[in-house]
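Read top to bottom, the protein sequences are chains A and B.
For the first sequence, numbering that gives the first Met the number 0 assigns the number 329 to the last residue and increments by one with no breaks.
For the second sequence, numbering that gives the first Met the number 0 assigns the number 236 to the last residue and increments by one with no breaks.
By construction, the Cβ of each residue, glycine as well, lies at the ideal position given by its N, Cα and C atoms.
In what follows, a structure is listed as structure tokens, so that the remarks can point back to it.
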Amino acid sequence: MRHLFHVTPSGWAGLATAAFGILVLPSLASSYWLSVFTSMGCFLLAIAGVAFMYARLGMVSLTQVGLMGVGGWIALRLNHAFDFPFEVNLALAATATMIFGWILALPALRMRGLYLALVTLMAAGGLEIIFATFQFPNGGAGFWGVQTGSGAAFRRPWIAQSPQAYLRYVIACALLGFLCIELHRRLQPGRAWALIRRSEAAAMAAGVNVTLYKTWAFGIAGLLGGAAGALLAGSLGLLDDGTFRASESVMIFALAVVGGAHSWQGALIAAVLYKVLPALLNIWGVDANLAFVIFGAGLLHAVITAPQGIAGQVLEGLGRLSPKRGAKDA
Amino acid sequence: MLEIEDVTVRFGGVVALSAVSVRFDKAVNGIIGPNGAGKTTLMNVLSGFVTPASGRVVGDGEALLPLAPHRRAHWGLRRSFQKEEIADDLTVFENVLVQIDHSRSPARTKTAEVEAMLALVGMADRAGKRGAALSGFERRLTDVAKCLVGKPRLVMFDEPAGGMSVDESRQLGRLIRQIHGTTGAQVLVIDHDVELIRSICEDTLVLDFGRRIAFGPTAEVLDDPRVKAAYLGTEEV
Chain A
0 MRHLFHVTPS
10 GWAGLATAAF
20 GILVLPSLAS
30 SYWLSVFTSM
40 GCFLLAIAGV
50 AFMYARLGMV
60 SLTQVGLMGV
70 GGWIALRLNH
80 AFDFPFEVNL
90 ALAATATMIF
100 GWILALPALR
110 MRGLYLALVT
120 LMAAGGLEII
130 FATFQFPNGG
140 AGFWGVQTGS
150 GAAFRRPWIA
160 QSPQAYLRYV
170 IACALLGFLC
180 IELHRRLQPG
190 RAWALIRRSE
200 AAAMAAGVNV
210 TLYKTWAFGI
220 AGLLGGAAGA
230 LLAGSLGLLD
240 DGTFRASESV
250 MIFALAVVGG
260 AHSWQGALIA
270 AVLYKVLPAL
280 LNIWGVDANL
290 AFVIFGAGLL
300 HAVITAPQGI
310 AGQVLEGLGR
320 LSPKRGAKDA
Chain B
0 MLEIEDVTVR
10 FGGVVALSAV
20 SVRFDKAVNG
30 IIGPNGAGKT
40 TLMNVLSGFV
50 TPASGRVVGD
60 GEALLPLAPH
70 RRAHWGLRRS
80 FQKEEIADDL
90 TVFENVLVQI
100 DHSRSPARTK
110 TAEVEAMLAL
120 VGMADRAGKR
130 GAALSGFERR
140 LTDVAKCLVG
150 KPRLVMFDEP
160 AGGMSVDESR
170 QLGRLIRQIH
180 GTTGAQVLVI
190 DHDVELIRSI
200 CEDTLVLDFG
210 RRIAFGPTAE
220 VLDDPRVKAA
230 YLGTEEV
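Set out below in structure tokens:
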């Protein structure tokens with residue numbers, strides 16, 4: 000039981016980063032950067048889900064941003080249809096997206112590698128078309144809830160009405176997402192996933208229900224994606240179908256590989272690359288499309304020299320510098 | 000007791016197992032045969048990774064073929080692979096614990112059982128070591144401990160001594176001989192190491208081209224001219 004609550008040095012660093020994000024960052028950031036960091040926090044949660052599936056099970060999901068769209072759609076729909084508080088909408092959106100993810104993934108989970116990736120990419124394409132056709136609810140009538148002109152107001156959490164407070168809220172949610180993943184990693188599902196990644200046959204021989212645990216992992220990724228979408232809806236008050244294109248799902252998966260799928264640092268690097276880098280280029284007056292060139296170079300770098308991503312390379316370098324390792328080498 | 004009745008496996012036009020029937024009722028049993036004889040295919044049928052075209056497999060009176068592979072593990076089937084399957088990012092303790100994670104026993108009971116089996120195979124002092132840091136023999140010992148937890152009924156080893164030194168092979172043989180006494184499980188061993196089979200197996204099945212060519216007490220089977228011919232070929236005059 001003790002190992003369940005043991006905080007590793009990397010864990011302490013993560014908690015410290017979250018504390019910085021909650022206590023310091025909102026008071027330093029301008030309204031432009033508050034918006035960028037809030038959006039980054041939402042995508043960090045989604046990237047955590049897709050990176051976790053890749054790192055723990057070697058499963059490639061190319062529909063994570065589509066799942067974010069599903070979560071966002073449900074949160075907006077609930078917000079405009081009922082008077083539930085934000086937390087209820089968030090929980091329902093995340094749960095419904097998790098179930099949606101399960102339904103989507105169940106036939107595909109019997110497939111491996113490239114086939115699962117292709118099926119999820121097709122799903123992302125389908126969602127893109129649905130979002131583009133029906134748009135996101137903005138307080139209109141009927142099932143799709145879309146009206147022309149300005150939309151109805153979106154209720155934020157009562158403890159996070161201001162942009163600063165909402166950034167804190169998003170960072171706290173992202174932290175909870177990472178803790179949820181880490182808790183799973185340390186318990187029975189984490190052991191089952193480790194064995195499945197080693198060999199599905201060995202996992203079955205060890206009594207692991209491979210389909211169940213793969214579905215479980217996909218469900219967690221869906222839960223985090225759905226929550227991220229609902230938080231993004233809360234940030235902007237409305238959503239645009241352009242945010243949830245299939246190409247964005249491919250992009251965040253690629254960035255998760257560039258950053259490093261095996262650690263929270265990698266997910267954070269991916270989120271920074273995805274949201275902060277284009278914002279910086281924008282401020283510097285450089286074409287934001289340059290970010291794609293940088294992403295491509297980063298992906299080449301990861302594929303050729305850093306299978307654990309930038310985070311893995313940095314952590315390995317720090318490990319070499321640590322006095323303990325130095326003494327051992329000496 | 001394990002009964003295999005008329006098990007036939009076809010891969011396209013190739014008959015990998017042809018109506019193989021055998022009844023294993025000894026504590027430690029062997030399966031030998033030249034490469035491609037169908038030994039691993041038979042083990043895969045027992046594990047549930049290969050579905051036979053026909054036949055029956057009954058373990059302790061229960062039909063095993065209708066069960067999914069993970070359900071067979073819950074039933075008490077244990078399987079060690081030619082390449083020991085140890086997760087690199089789990090500790091030795093966790094690698095063994097996975098095998099009984101599905102069990103509803105209290106966590107303390109499971110922990111005690113894992114610790115006891117790690118002590119039996121001589122890995123108790125390395126329980127916290129990660130899989131990635133283990134030597135080949137340590138990985139094999141961890142694999143054996145994994146096969147011993149959770150009240151196994153049938154433990155199968157697929158070429159467990161592959162790549163081992165003579166001493167390591169002997170130590171492994173001693174461990175395999177202890178399994179029945181410790182857990183009550185029946186043991187099935189596939190290996191090319193005839194000396195290992197001779198020293199630990201009471202009965203041995205010999206397969207060649209998917210057919211049963213001999214079965215009985217190991218010493219007699221190994222002296223059977225048909226078995227020698229299968230392994231060494233026949234002299235053309």
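Exercise. Could you tell me if A:S26 is buried or exposed, where buried requires 16 or more neighbouring beta carbons within 10 angstroms of its beta carbon?
Key: On the first sequence, residue 26 of chain A is found 27 positions in, with the first residue counted as 1. By the 10 Å Cβ count, A:S26 comes out exposed.
Quiz item: When the cut-off is 8 angstroms and only beta carbons count, does B:P68 lie next to chain A?
Solution: Walking along the second sequence from the start, residue 68 of chain B turns up at place 69. True, the Cβ-Cβ gap to chain A drops below 8 angstroms.
Exercise. Could you name the residues of the same chain whose beta carbon sits closer than 7 angstroms to that of A:A122, not counting the 5 residues immediately before and after it, in chain order?
Key: If you number the first sequence from 1, residue 122 of chain A lands on position 123. If we look at A:A122 and ignore the five residues flanking it on each side, its Cβ neighbours are T62, G65, L103.
Exercise. Identify which residue in A:A269, A:P8, A:G40 has its Cα closest to the Cα of A:L231.
Key: Translated into the one-based positions of the first sequence, residue 231 of chain A becomes position 232. Minimum Cα distance to A:L231 is reached at A:G40.
Quiz item: Can a CB atom of chain A be found closer than 8 angstroms to the CB of B:V120?
Solution: Residue 120 of chain B sits at position 121 when you count from the first residue of the second sequence. With 8 angstroms as the cut-off, B:V120 does not count as an interface residue toward chain A.
Practice problem: Could I get the ranges of all uninterrupted alpha helix (DSSP H) runs contained in the stretch 36-117 of chain B, with 4 residues as the minimum, in chain order? | Solution: 38-46, 68-74, 91-96
Self-check item: Simplified DSSP assignment, three categories, for B:E158
Solution: Numbered from its first residue, the second sequence carries residue 158 of chain B at position 159. B:E158: coil per DSSP, three-state reduction.
Practice problem: Give me the Cβ distance between A:A269 and A:G258, rounded to the nearest whole Å; I'm assuming they're in contact under 8 angstroms. | Solution: Here residue 269 of chain A is taken as the residue at index 270 of the first sequence, counted from 1. Here residue 258 of chain A is taken as the residue at index 259 of the first sequence, counted from 1. At roughly 4 angstroms, the Cβ-Cβ gap stays under 8 angstroms, so A:A269 and A:G258 are in contact.
Quiz item: Going straight from the alpha carbon of B:F23 to that of B:T203, what length do you get?
Solution: Along the second sequence, read from residue 1 onward, the residue named residue 23 of chain B stands at position 24. Along the second sequence, read from residue 1 onward, the residue named residue 203 of chain B stands at position 204. C-alpha separation (whole angstroms): 9 angstroms.
Exercise. Select from the stretch 16-46 of chain B all residues with a C-beta closer than 8 angstroms to any C-beta belonging to chain A, and list them in chain order.
Key: S46
Quiz prompt | 8 angstroms Cβ cut-off: residues of chain A touching B:E187 | solution = Position 188 of the second sequence, counted from the first residue, corresponds to residue 187 of chain B. Looking at the sequence shown, residue 187 of chain B is not Glu but Leu. Those within 8 angstroms of B:L187 in chain A number zero; the least Cβ separation is about 14 angstroms.
Quiz prompt | Sequence-distant residues of its chain with Cβ nearer than 6 angstroms to B:G32 (five each side left out) | solution = Walking along the second sequence from the start, residue 32 of chain B turns up at place 33. Taken in chain order, the residues that qualify are K38, V205, L206, D207.
Quiz item: In or out: B:R138 buried (at least 16 other Cβ within 10 Å) or exposed?
Solution: Here residue 138 of chain B refers to the residue found at position 139 of the second sequence. By the neighbour-count rule (16 or more Cβ atoms within 10 Å), B:R138 is buried.
Quiz item: How about A:A107 and A:A229: do their beta carbons lie closer than 8 angstroms?
Solution: Indexing the first sequence from 1 puts residue 107 of chain A at position 108. Indexing the first sequence from 1 puts residue 229 of chain A at position 230. Against a cut-off of 8 angstroms, the Cβ pair of A:A229 and A:A107 comes out as no contact.
Quiz item: Relative to chain B, which residues along the stretch 174-196 of chain A have a C-beta separation below 8 angstroms, given in chain order?
Solution: Q187, R190, A191, A193, L194, R196
Quiz item: Taking Cβ positions only, does B:F208 come closer than 8 angstroms to chain A?
Solution: The count along the second sequence starts at 1 and reaches residue 208 of chain B at position 209. Not one chain A Cβ lies under 8 angstroms of B:F208.
Quiz item: Are the CB atoms of B:R176 and B:V8 nearer to each other than 8 angstroms?
Solution: Taking the first residue of the second sequence as 1, we reach residue 176 of chain B at position 177. Taking the first residue of the second sequence as 1, we reach residue 8 of chain B at position 9. No, these two residues do not count as a Cβ contact at 8 angstroms.
Quiz item: If you measure from the beta carbon of B:E158 to each beta carbon in chain A, is any gap under 8 angstroms?
Solution: Within the second sequence, residue 158 of chain B is the residue found at index 159, counting from 1. Cβ-Cβ to chain A under 8 angstroms: no for B:E158.
Quiz prompt | Own chain, CB closer than 7 angstroms to B:H73, minus 5 neighbours either side, in chain order | solution = For the purposes of this step, residue 73 of chain B is identified with residue 74 of the second sequence, where counting begins at 1. Closer than 7 angstroms at the Cβ level, and outside the excluded window around B:H73, lie H101.
Quiz item: Where does A:A326 land, buried or exposed, given buried means 16+ other C-beta within 10 angstroms?
Solution: For the purposes of this step, residue 326 of chain A is taken as the residue at position 327 of the first sequence. The predicted position of A:A326 is uncertain, since its pLDDT is 47 and thus under 50; a value taken from the coordinates is nonetheless stated next. Exposed, by the Cβ-count rule.
Quiz item: Looking at the C-beta of A:M110, does it have a partner C-beta in chain B at a distance below 8 angstroms?
Solution: Taking the first residue of the first sequence as position 1, residue 110 of chain A is located at position 111. No, A:M110 does not count as interfacial toward chain B.
Practice problem: Return the Cβ separation of A:G71 and A:L223 in integer angstroms, given the expectation that the two are a contact with Cβ distance under 8 angstroms. | Solution: Translated into positions along the first sequence, residue 71 of chain A becomes position 72. Translated into positions along the first sequence, residue 223 of chain A becomes position 224. About 13 angstroms; that fails the 8 angstroms criterion.
Practice problem: Return the bridge partner residues of B:L206 from the DSSP annotation. | Solution: What you label residue 206 of chain B is simply residue 207 of the second sequence in a count that begins at 1. Its beta-bridge partners are B:R211.
Quiz item: Taking the Cβ atom as the reference point for each residue, do A:G308 and A:G265 lie within a distance shorter than 8 angstroms?
Solution: Looking up residue 308 of chain A in the first sequence gives position 309. Looking up residue 265 of chain A in the first sequence gives position 266. Yes. Within cutoff.
Quiz item: Under 8 angstroms between C-beta atoms, does B:E194 make it to chain A?
Solution: Taking the first residue of the second sequence as position 1, residue 194 of chain B is located at position 195. Not closer than 8 angstroms to any Cβ of chain A, the Cβ of B:E194 fails to qualify, so no.
Quiz item: Quick one: any contact between the stretch 178-196 of chain A and the stretch 55-66 of chain B, if contact means 3 or more CB pairs under 8 angstroms?
Solution: no
Self-check item: Inside the stretch 254-308 of chain A only - beta strand (DSSP E) runs reaching at least 3 residues
Solution: none
Quiz item: Which class does B:E167 belong to by DSSP, given the choice of helix, strand or coil?
Solution: As a working note, residue 167 of chain B is residue 168 in the second sequence. Of the three classes helix, strand and coil, the one that applies to B:E167 here is helix, per DSSP.
Quiz item: Mind checking if B:R78 is an interface residue toward chain A, Cβ cutoff 8 angstroms exclusive?
Solution: As a working note, residue 78 of chain B is residue 79 in the second sequence. Closer than 8 angstroms to some Cβ of chain A, the Cβ of B:R78 qualifies, so yes.
Quiz item: Is the closest heavy atom of the ligand ATP to the C-beta of A:F4 under 7 angstroms?
Solution: With respect to the ligand ATP, the structure offers nothing, as it holds no ligand at all.
Practice problem: Have a look at B:D157 and A:A201 and give me their C-alpha separation to the nearest angstrom. | Solution: Counting from 1 along the second sequence, the entry for residue 157 of chain B is found at position 158. Counting from 1 along the first sequence, the entry for residue 201 of chain A is found at position 202. For B:D157 and A:A201, the distance between alpha carbons rounds to 13 angstroms.
Quiz prompt | Nearest-angstrom beta carbon gap, B:A123 and B:L117 [assumed within contact, 8 angstroms] | solution = Locating residue 117 of chain B in the second sequence gives position 118, counting from the first residue. Locating residue 123 of chain B in the second sequence gives position 124, counting from the first residue. Right, their Cβ atoms sit about 5 angstroms apart.
Quiz prompt | Integer-rounded CB distance, given that A:G138 should sit under 8 angstroms from A:A159 | solution = Your numbering for residue 159 of chain A matches position 160 in the first sequence. Your numbering for residue 138 of chain A matches position 139 in the first sequence. Not confirmed; about 21 angstroms, so no contact.
Quiz item: CA-CA distance, A:G330 and A:A305?
Solution: Chain A is shown only over 0 to 329; residue 330 of chain A falls outside these bounds and no answer can be derived.
Quiz item: Does any C-beta atom of chain A lie closer than 8 angstroms to the C-beta of B:L147?
Solution: Reading the second sequence from its first residue, position 148 is the one you call residue 147 of chain B. Taking Cβ atoms only, chain A never reaches closer than 8 angstroms to B:L147, which makes this a no.
Quiz item: Closest Cβ-Cβ distance between A:S262 and chain B: below 8 angstroms?
Solution: The residue given as residue 262 of chain A occupies position 263 in the first sequence. Cβ-Cβ to chain B under 8 angstroms: no for A:S262.
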